[in-house]
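In the numbering used here, the protein residues as written are 697 to 815. Quick reminder that beta carbons are idealized off the backbone N, C-alpha and C, glycines included.
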């Protein structure tokens with residue numbers, strides 16, 4: 697059976713994952729891209745991640761500065777979380793907790809239903 701909607705779910709989880717990573721500290725876009733693996737978001741196209749970072753900047757959830765002190769290559773953007781981004785992350789955490797509770801309830805009902813042989 698084909699798993700539908702997996703890519704959309706991953707994209708929906710991208711912003712809270714990026715906010716959490718930025719809450720840990722400033723980071724280059726490429727570093728953030730690599731760290732998304734921790735959340736199972738390792739198969740996203742880099743353009744999707746960079747677009748999300750630009751959108752987060754447009755919403756004032758994050759800011760970026762240019763790192764010009766590198767020894768090699770062109771300057772790279774370093775992303776930083778803002779106070780508003782911190783508030784948004786807290787709201788995401790609350791929303792995810794509520795979603796987890798609904799999912800757990802749904803799975804409990806499903807398990808009970810299947811145990812009764814009604815499936």
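Whole angstroms are fine: how far does the CA of residue j sit from the CA of residue i?
i	j	result
residue 713	residue 781	12 Å
residue 726	residue 793	29 Å
residue 762	residue 799	41 Å
residue 765	residue 708	34 Å
residue 812	residue 797	23 Å
residue 791	residue 807	24 Å
residue 787	residue 757	12 Å
residue 739	residue 810	33 Å
residue 722	residue 785	15 Å
residue 771	residue 778	22 Å
residue 751	residue 706	16 Å
residue 749	residue 735	17 Å
residue 754	residue 803	38 Å
residue 715	residue 805	33 Å
residue 801	residue 732	28 Å
residue 775	residue 747	13 Å
residue 768	residue 760	20 Å
Given 8 Å as the limit, tell me if residue i has its C-beta closer than that to any heavy atom belonging to the ligand ZN.
i	result
residue 787	With respect to small molecules bound, the structure shown includes none, and the ligand ZN cannot be examined in it.
Rounded to whole angstroms, how far is the Cβ of residue i from the Cβ of residue j, which I believe are closer than 8 Å?
i	j	result
residue 724	residue 773	7 Å
residue 745	residue 710	7 Å
residue 742	residue 729	6 Å
Helix, strand or coil: which one does DSSP assign to residue i?
i	result
residue 808	helix
### Task
Would you list, in sequence order, the uninterrupted beta strand (DSSP E) runs of no fewer than 3 residues that lie entirely inside the region 721 to 806?
758 to 763 and 772 to 777
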